[in-house]
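A short write-up of the structure that comes next.
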Amino acid sequence: KDSNSVVRIKTTEVLYITASHSVGRYAFLEHDIVLALSFLLNDPSPVCRGNLYKAYMQLVQVPRGT
């Protein structure tokens, strides 16, 4: 947890990018990142919550051909 909202926003942006790749999705699931970051769903910043939501959506949507 960081008190600076910009840090949380940028972190969730990186997580979204990571979750868009198969290796990143595997790391999310292997290291229980989903549960560890669930507290950010109550973050006061709507941008942070939105980025986390997009990252979670990347995890549940498997690209075609895989």
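Sequential numbering from 2 applies to the sequence shown in my numbering.
Note that CB positions come from ideal geometry on N, CA and C, so glycine has one too.
Restricting to Cα atoms, I'd like to know which of the options is closest to residue i.
i: tyrosine 57; options: Arg9, Leu36 and Pro47; result: Leu36
i: lysine 2; options: Gln62, Leu41, Ser23 and Asn52; result: Leu41
i: valine 8; options: Val63, Gln62, Arg50 and Gln59; result: Arg50
Under a Cβ-count criterion, where at least 16 other Cβ atoms within 10 Å of its own Cβ denotes burial, should residue i be classed as buried or exposed?
i: alanine 20; result: buried
i: aspartate 33; result: exposed
i: asparagine 43; result: exposed
i: leucine 53; result: buried
Hey, residue i and residue j: beta-carbon distance below 8 Å or not?
i: tyrosine 17; j: lysine 55; result: yes
i: serine 6; j: serine 39; result: no
Discussion item. Please give me, in chain order, every unbroken run of the alpha helix (DSSP H) with length at least 4 that falls completely inside the segment 38 to 65.
Written reply: 47 to 61
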